[in-house]
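Below is one structure, written out as C-alpha cells; the observations come after it.
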Amino acid sequence: MAKNTRGIEVAEIIADKCIACQICIGECPVGAIELNSAGVAEVDPEVCIGCGKCFDSCPVNAVKFEKKKRGKVSREKPVESGAGAPEHRGVAVFVETIDGRGAPVSWELIGKARELATRLNTKVLGFVPGSNVGEVAREAISYGCDEVHVVDDPRLARYLSATFGKALSDLCARIRPEILLIGATSLGRDLAGVVATRLETGLTADCTGLYIEQETGLLLMTRPTFGGNIMATIFCQHMRPQMSSVRPRVFAMPARDATRKGLITGHGFEPPAVELPEIVKFIPSGTEGAADIVEYPALVVAGRGACDQGSLELLEELAQLVGGVVACSRPVVQAGLLPYERQVGQTGRTVAPRLYIGVGVSGAVQHLVAIQGAGKIVAINSDPGAPIFRVADAGIVGEYRQVVPELIAQLKKRKI
Amino acid sequence: MHFAVCIKQVPDTAEVKIDPDTNTLVRAGIESMANPYDITALEEALRLKEKYGGKVSVLSMGPPQADIVLRQALSMGADQAVLLSDRAFAGADTLATSYTLSKAVETLSQVEPVDLVLCGKQAIDGDTAQTGPGIAARLGLAQFTYVIEVEWIDPEKRLLQVRRKVEGGFEVIRGPLPAMLSVELELATPRRASLPMLIDSLRAPIKIWDAGAIGASAARVGIKGSPTWVRAIASPQVHRAGPRWDAAQGVSAAVSEALDTLFSDQDFAAGFEKGWKA
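Sequence lines, in order, name chains A and B. Residue 463 is where the first sequence ends in our numbering, and the numbering goes up by one at each step. Residue 283 is where the second sequence ends in our numbering, and the numbering goes up by one at each step.
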C-alpha cells in the first residue's frame, strides 16, 4: 500500500477502472481528489488523510485502499424528507395516449411492471392523464393493471409539458407509488424530466433492463451509456418514486385479457398557474422515406459493407421477399444513401422485428443494443471478425453480392 | 434579449470501450469535446442575437479544464462565459445538474434577466435528455424540446414560436418568454471561429462560480443532491453466437444450411410462410 510522506496509507485510483463519475471527488472531505487531464480521478497523496470514503463510495471498485478490518461498508446517504418512506407502494406506469388509444410502449411497460410488482408483492398502477381516456383506462386493466388512476380533462386533450407534468406529478404525490415507469417516446422523454424535477426524485433514462434487488427491494436499472459502449446499472436509494424511462420495443408486449377486472378512479385536474403555450398546428411528416421501420416484421439492414447505390435494389428485392423493408446502420445515413428515419441503432430506432438480416453490418455496440429484441438475426458479412456474428442466430461469411442473390433464389423456392 | 446557453464537456463517446478480457475501461487517447447538440444551441443563440439584438451568455458545469468548451463558445461569438466549478458539484446526476444550472441562470438574471435558455437535446455521453426539462421545470420556464426551427420571437409581446419534432411529424407551437429550448442537430450548422476571434478567446476572461456564488444549497448539488447512483458497469451483453458458414466453401450450401437452421424453429417457419400474419 502506498504511504505518503507523513506515513499515512493513502488511496490510489486504478486509472483504467475509473469511469469519471466523480463520486469520490464529492465524497472526499479534504479535497484530495481531482479529475486529471485524461479524465481520470487522481488522489493527491499529500492531501489524502486515508479515511477511505472514496473507497467506500466508488461504484466500480477503482480505488485501491487498505481498509483496516472494516471491509467495504455500504454507502449511506443522508435521508431527505419524503425519501424512501415505506408508505410508497405500487409500480406505476404512465399510460400515453396517441389518437385516443394507448401507446404500445405503455402496455409493454405494464407487462414489465407486473413482473416487478410480483417480486415486490404489490400492485400495478396505471396513471392516465388525458381527455376522453375512459377506453384507454379499461385497456390498461386488460393489459395487467390492478388500479388505474385517471385525470380526464379537456385541458389535457393535447400534450403540453406544463399541463401533463403537473397532472402526473400531482397523481404521484397523491398515490405515492414506489416506482414510476414512462415510455421513452419523444413525449415521454419530454415529460419524464419535468415530473422527476417536480418530485425531486431520481430518473434513469432509456433503461434496457429493470430488476428488483433481492436484499433491498430496490429497482436496479440497466442502461447503455457512453453512446452504448457501456452498460451502467443505476439505483435510486432514497427518493420516491424510483423513475425510469424505457424505449419502445425493449420489453415484450404482454397478453391482453379483456376479462381482467380492476379499479378505475377519477381525479380532478388542477392546471398549473402559468401562461400556457398554444399549439398552432401539427404537420404530419411527409411520405418520402417515411416507412416506419419499427412497424415491419422483417428488416433487411444495409451496413457500411453494402453502402452503395447498386446494393439497394438487391436489398429491396430481398426485403419484399421476406415481407419487410430496407433499413440501415449509421454509416449508410452518413453517406446520404438512406434517410435518418431508416437508421437502426442507439441514435436511430430500436427495433424488434421477427427477422433481422444484416448485410454488411459490422455490428458496432450502438447498433447491437438496438436489435436485442429481434426474433432471428441473420448476419452476412465478408469479415469473419465482424462483431455482428456474435449476436447472430445464423451467419454467412461472404461477399454480399454473391450471398444475397443466392439467398433470394433459395427463399423463393421455399415460399412455393 | 438575453440568451443563456448550457454547454457540457463530453468524452468522444465513440472511443470509450470496455476491455472484454479485463472488464475495465479503455480510455487511452480519448479526447474531450463540447457536446455537439449544445454547440448547435449556441449557434442558434448567436443567430437570434444577430436578428433580435442582445447578449449571449454561456454556462458549463465541470472541472477547471472544462473552460476549453467555453473558450470555443467565446471564439464563436458568445459575449460572456461562466464556468460552474466546485468540488461540491462533483458526482452530479441530472437532478443535481439541472438544479445547479438553474441557480446559475438565476444568478445571471440578477444582472440582466435571461429571456431564453437554450440546451442541446441531449448529451452524447449520457443521452438522457433530462437536463433541459429539469431547468425549465425549476425556473418555471415554458418548455420546448426537440426544436428544429425558431420561427420568430416577439420581444415586445414576450412571445416566441418554434417548430419542434413530435411523434409522427412536427408541431408549431407558440408560447411565452422566458422559455427553455432544447434543440435538435438539424436546427443550425455551427459556424467556424475566425482566427482573430480564436486568438481573443484564449485570453478572454472566464468567470468561475462556485456553489456560494450561485447561492446553491450544499445538500442539493453534486453527489449529495443526486438521488441516482451507479452500482456497476459492464460490457453490453447481446450474445447469441449461432452457427456460421463460409461462402468460400460454396455459396449455395452456406445459404441452404443457414436457412435450414432458421426454419428449424417452427414458430419462425410458420410466421414466414404466413407472411408474418398471426
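Note that the Cβ used here is the ideal one computed from N, Cα and C, for glycine as well. Only a predicted model underlies this, so the values are computations on that prediction, with no experimental measurement involved.
Judged by DSSP secondary structure, Asp253/A falls outside any alpha helix (DSSP H) and instead within the beta strand (DSSP E) spanning Leu250 to Cys254. A direct Cα-Cα distance of roughly 54 Å separates Gly422/A from Leu200/B. Using beta-carbon distances, Asp237/A counts as an interface residue toward chain B, with a partner under 8 Å. Counting only residues of its own chain and dropping the five nearest sequence neighbours on each side, Leu323/A has a CB closer than 8 Å to the CB of Leu207, Ala209 and Thr210. With respect to chain A, the C-beta atom of Ser114/B has no partner C-beta closer than 8 Å.
The secondary-structure analysis by DSSP pairs Arg396/A across a beta bridge with Val391/A.
If you ignore the 5 residues before and after Ile418/A, its C-beta comes within less than 7 Å of the C-beta of Val391, Val398, Tyr403 and Ile424, all in its own chain and listed in chain order. Using a CB distance cut-off of 8 Å, Ile35/B counts as an interface residue toward chain A. Interface annotation, Gly131/B: in contact with chain A, CB-CB separation under 8 Å. Residues of the same chain with a CB within less than 6 Å of the CB of Thr280/A, apart from the 5 flanking positions on each side, are Leu267 and Thr269 in chain order. One thing to note: Met278/A has its Cβ no nearer than 8 Å to the Cβ of Ile129/B. If you draw a straight line from the Cα of Pro41/B to the Cα of Glu189/B, it comes to about 10 Å. Using a CB distance cut-off of 8 Å, Ser84/A counts as an interface residue toward chain B. Relative to Ala134/B, the option among Leu47/B, Val122/B, Thr150/B and Arg52/B whose CA is nearest is Thr150/B.
Minimum Cα-Cα distance from Ile228/B among the listed residues Leu246/A, Gly73/A and Ile330/A corresponds to Gly73/A. Straight through space, the alpha carbons of Ala147/B and Arg163/B are spaced by roughly 12 Å. In terms of Cβ geometry, His135/A and Leu172/A do not form a close pair [threshold 8 Å].
For Val87/B, no CB of chain A lies under 8 Å from its own CB, so it is not counted at the interface with that chain. For the region 123 to 156 of chain B, residues whose beta-carbon sits nearer than 8 Å to a beta-carbon of chain A comprise Ile129, Asp130, Gly131, Asp132, Thr133, Ala134, Gln135, Thr136, Gly137, Pro138, Gly139, Ala141, Ala142, Arg143, Gly145, Ala147, Gln148, Phe149, Thr150 and Tyr151. In terms of beta-carbon proximity, Gly149/A stays away from the interface with chain B, with every pair separated by 8 Å or more. Counted as a single uninterrupted DSSP element, the stretch harbouring Val197/A is not any alpha helix (DSSP H) but the beta strand (DSSP E) occupying residues Glu194 to Asp199. Neighbours of Cys98/A in chain B, taken as residues at a C-beta separation under 9 Å, are lacking, since the least C-beta distance is about 15 Å. Assigned with DSSP and collapsed to three states, His135/A falls in coil, not helix or strand. Across the region 281 to 310 of chain A, CB contacts with chain B closer than 8 Å involve Ile281, Phe282, Cys283, Gln284, His285 and Met286, in sequence order along the chain. Arg179/B and Tyr104/B have their C-alpha atoms some 26 Å from each other.
Collapsing the DSSP output to three states places Cys283/A in a strand.
When DSSP reads this structure, Met278/A sits in a beta bridge with Pro271/A and Ala239/B. Contact annotation for Lys50/A against chain B: no contact, minimum CB-CB distance about 24 Å [criterion: below 8 Å]. With its beta carbon less than 8 Å from one in chain A, Val177/B belongs to the interface. In the DSSP assignment, no residue is bridged to Pro210/B.
Cβ neighbours of Arg196/B within its own chain (closer than 8 Å, five residues either side excluded): Glu48, Leu51, Met81 and Gly82. Scanning Ala353/A, Asn83/A, Thr251/A and Thr306/A for the CA closest to the CA of Ile188/A turns up Thr306/A. The shortest CA-to-CA distance from Gln393/A to any of Ala252/A, Tyr190/A and Gly149/A is the one to Ala252/A. Secondary structure note for Thr312/A: its beta strand (DSSP E) is the uninterrupted segment Leu310 to Gly313. The beta strand (DSSP E) runs of length 3 or more contained entirely in the region 66 to 106 of chain B are, from start to end of the chain, 85 to 89. Separation of Phe102/A and Lys64/A (C-alpha to C-alpha, rounded to the nearest whole angstrom) is 13 Å.
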